[in-house]
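To keep things clear, I will list the structure first and then write my remarks on it.
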């Protein structure tokens, strides 16, 4: 059995990982510019956040197509399309004279990220030996987790020393590197028998996710209003319609049969919760630092840097631990660190400084990186290799929807207090931050419980 990675595989992984890094960095690099963009375009915080939320939403919608696309088309061709979309969107954002055009550029870029990340996992799951799967998925997880938190640091540095538009111009040459490398190294086979693409399922899923995110955004201005509950019900009905349409007839968007495996269900819930925390807190911390602590964009973004770097180093280590000792060990460590990190934010909120924010985020982020990539790796080992593409597509779609949900929900809660609370803007943002920290704590505990149930049940199956 082959255990060594071929040089061409390394080149393919690097080329797609670079594009994925650029795309995911772009998700959050504008987070630290929210106050500046709100003043420039004369819009409120809950409107400004759509440059992140809409991006994540479009990524999620695109990922819904990749289970079909990766079976039908060569990954080399898909990577070419993704890089071109990234570069076109990048230029649109860089020259945007209005918020509307900036948002359009973000949506075009998002199509690139929606293709790139599933292509990366597809290459790993189909071309990397199982003995190296944990380590390589850990490296991919490092990219996915490094980029969202590195984005605000990068964006803060650029926007504090130059125009925020340079955030986009500086990324353009790296897109060319990914394009050349991808066309040289990426190879792959298409499936012989592919079910037709289910357009009706895709439309139902896209409408469901859009309605879901829009419902949560309503909270920022109207709270838990009748409109919110009405949109939430519509979103749930549309999700149900998607499942029904996807499972009937010859056409199919994704293979939902993967959820017949109980471990896959637990891992998907973990993946959602972890990315909700990861992306959500990566937005909350820079906003909180600027409004409450009075930090500038550079400091607000740099707060995330120590945790980002430590987390990036942990991810492949966590994958190696999983290869050697099983997935339960690194995920157990991660669960403990997540609870500890969330608890620190909550317990010491009244004493928070830029340094404490950075330290507490480091603890939280370490927990995330011990757990995140191992969730999708564990799911993959519980299904046949033929279902690996569906795991990649569905899980990447889940984590992007989780990121969008985390951003819109946590910023909407903060916006409620900014719009309706009493006292100074800093005091109102503090109150909103307190609610966000409580939500983080509850979610961290839930993730620990899910991990305990998941691996306890898997041990019982092995013994049986």
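In this note's numbering, the protein residues as written are 4 to 467.
Cβ coordinates follow ideal geometry from the N, Cα and C atoms, glycine included.
This one's a predicted model, so the numbers in the text were calculated from it and none came from an experiment.
So residue 470 packs on residue 115, CB below 8 Å; how close in whole Å?
No answer is possible for residue 470: the residues shown for the chain start at 4 and end at 467.
With DSSP as the reference, label residue 33 as helix, strand or coil.
As a first step, residue 33 is located in the chain shown; it is residue number 30 there, counting from the start. Three-state DSSP puts residue 33 in coil, outside helix and strand.
On a Cα-Cα basis, can you pick out the residue from 120, 202, 166 that is closest to residue 98?
One-based indexing of the chain shown puts residue 98 at position 95. Selected option, being the one with the closest Cα: 166.
Three-state class that DSSP yields for residue 281 in the structure shown
Numbered from its first residue, the chain shown carries residue 281 at position 278. Residue 281 falls in the helix class under three-state DSSP.
Counted within 10 angstroms of its Cβ, other Cβ atoms place residue 5 as buried (16 or more) or exposed:
As a position in the chain shown, residue 5 is number 2, starting the count at 1. Interpretation of residue 5 is limited by its pLDDT of 48, a score under 50 that renders its predicted location unreliable; the figure taken from the coordinates is listed afterwards. When all chains shown are included, residue 5 counts as exposed.
Grouping DSSP H, G and I as helix and E and B as strand, with all else coil, what is residue 460?
Taking the first residue of the chain shown as position 1, residue 460 is located at position 457. Residue state, collapsed to three classes: helix.
Which value, in whole angstroms, describes the spacing of the CA atoms of residue 334 and residue 273?
Residue 334 sits at position 331 when you count from the first residue of the chain shown. Residue 273 sits at position 270 when you count from the first residue of the chain shown. Going by the C-alpha atoms only, they are around 10 Å apart.
Sort 437, 422, 46, 73 by Cα distance to residue 287 and report the nearest one.
Walking along the chain shown from the start, residue 287 turns up at place 284. Measuring from the Cα of residue 287, the nearest candidate turns out to be 437.
Please tell me whether residue 96 and residue 105 are closer than 7 Å, where the distance is taken between their beta carbons.
One-based indexing of the chain shown puts residue 96 at position 93. One-based indexing of the chain shown puts residue 105 at position 102. In this structure, residue 105 lies closer than 7 Å to residue 96 by Cβ.
Using only the alpha-carbon positions, how far apart do residue 258 and residue 200 sit?
Stepping through the chain shown from its first residue, residue 258 is reached at position 255. Stepping through the chain shown from its first residue, residue 200 is reached at position 197. C-alpha separation (whole angstroms): 12 Å.
Are the Cβ atoms of residue 29 and residue 112 separated by less than 7 Å?
Walking along the chain shown from the start, residue 29 turns up at place 26. Walking along the chain shown from the start, residue 112 turns up at place 109. Their beta carbons are under 7 Å apart, which means residue 29 touches residue 112 by this criterion.
Same chain only: Cβ atoms within 7 Å of residue 385, ignoring 5 sequence neighbours per side:
Position 382 of the chain shown, counted from the start, is the residue given in the question as residue 385. So the qualifying residues of the chain are 264, 266, 267.
With 16 other CB atoms within 10 Å as the buried threshold, where does residue 125 fall?
The sequence position of residue 125 within the chain shown is 122, counting from 1. Under this definition residue 125 is a buried residue.
Helix or strand or just coil, what does DSSP make of residue 326?
For the purposes of this step, residue 326 is identified with residue 323 of the chain shown, where counting begins at 1. The answer is helix: DSSP assigns residue 326 an H, G or I state.
Tell whether a beta-carbon distance below 7 Å holds between residue 401 and residue 275.
On the chain shown, residue 401 is found 398 positions in, with the first residue counted as 1. On the chain shown, residue 275 is found 272 positions in, with the first residue counted as 1. Yes, Cβ-Cβ distance for residue 401 and residue 275 is below 7 Å.
Could you tell me the alpha carbon to alpha carbon distance between residue 3 and residue 428, rounded to whole angstroms?
Because the chain here runs from 4 to 467, residue 3 falls outside it and cannot be looked at.
Do you know offhand how far residue 443's Cα is from residue 16's?
Within the chain shown, the letter at position 440 stands for residue 443. Within the chain shown, the letter at position 13 stands for residue 16. About 33 Å.
Got a sec: does the ligand GDP put a non-hydrogen atom nearer than 6 Å to the Cβ of residue 162?
Among the components modelled here there is no ligand, and therefore nothing to report on the ligand GDP.
Neighbourhood of residue 407 by C-beta, 6 Å cutoff - its chain only, sequence neighbours within 5 removed
The sequence position of residue 407 within the chain shown is 404, counting from 1. Excluding positions up to five away in sequence, the list reads 56, 59, 60, 216.
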